[in-house]
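Have a look at the structure below, then the notes.
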Amino acid sequence: MKIMRLYTAIFGAVAICLAPSPMSAAGNAKARYQKTLDQLRTELTAKIPKTEDAAKLDQFLSSDALDHKLVTFVVLHEATPEGLAGFADQGKEQAMLVNSLLNEPD
58 MKIMRLYTAI
68 FGAVAICLAP
78 SPMSAAGNAK
88 ARYQKTLDQL
98 RTELTAKIPK
108 TEDAAKLDQF
118 LSSDALDHKL
128 VTFVVLHEAT
138 PEGLAGFADQ
148 GKEQAMLVNS
158 LLNEPD
């Protein structure tokens, strides 16, 4: 029983040590992606007209002014900031792919 507790403690410590810390490159990227996602959510929610006003809704849907922001929001939402940061942390090529998806400078 003592050995089992010891193994559990060791595996827990290893998991904590291997997890990306908020100060690591992956942690910084995750925080940056999460901040971008939150900003886009707030901005897009404010700009989407209420459904009762059909004229404004038609104008909103036919406009392409927010397309870039909508695409970036969907990428961040579906891939998750944590997933994108983990993928970008795998190497320079992967980081460039994530940056191109989000249209960020290298």
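Taking this note's numbering, the leading residue of the sequence shown gets 58, the next gets one more, and so forth. Glycine residues also receive a C-beta, built at the ideal position from the N, C-alpha and C atoms.
If you reduce the DSSP assignment to three classes, tell me which class residue i lands in.
{"i": "residue 160", "result": "coil"}
{"i": "residue 124", "result": "helix"}
{"i": "residue 78", "result": "Only weak support exists for where residue 78 lies, its pLDDT of 48 falling under 50; the coordinates are left without a value."}
{"i": "residue 129", "result": "helix"}
{"i": "residue 148", "result": "coil"}
{"i": "residue 102", "result": "helix"}
{"i": "residue 110", "result": "coil"}
{"i": "residue 93", "result": "helix"}
Distance, Cα to Cα, residue i vs residue j?
{"i": "residue 114", "j": "residue 144", "result": "37 Å"}
{"i": "residue 84", "j": "residue 101", "result": "25 Å"}
{"i": "residue 156", "j": "residue 89", "result": "12 Å"}
{"i": "residue 97", "j": "residue 134", "result": "10 Å"}
{"i": "residue 142", "j": "residue 148", "result": "11 Å"}
{"i": "residue 138", "j": "residue 121", "result": "25 Å"}
{"i": "residue 109", "j": "residue 116", "result": "13 Å"}
{"i": "residue 151", "j": "residue 140", "result": "12 Å"}
{"i": "residue 105", "j": "residue 87", "result": "27 Å"}
{"i": "residue 128", "j": "residue 107", "result": "21 Å"}
{"i": "residue 153", "j": "residue 119", "result": "32 Å"}
Relative to the C-alpha of residue i, which candidate in the options has its C-alpha closest?
{"i": "residue 130", "options": "94, 86, 88", "result": "94"}
{"i": "residue 126", "options": "86, 160, 150", "result": "160"}
{"i": "residue 91", "options": "118, 107, 146, 136", "result": "136"}
If we count the other Cβ atoms within 10 Å of its Cβ and call it buried at 16 or more, is residue i buried or exposed?
{"i": "residue 111", "result": "exposed"}
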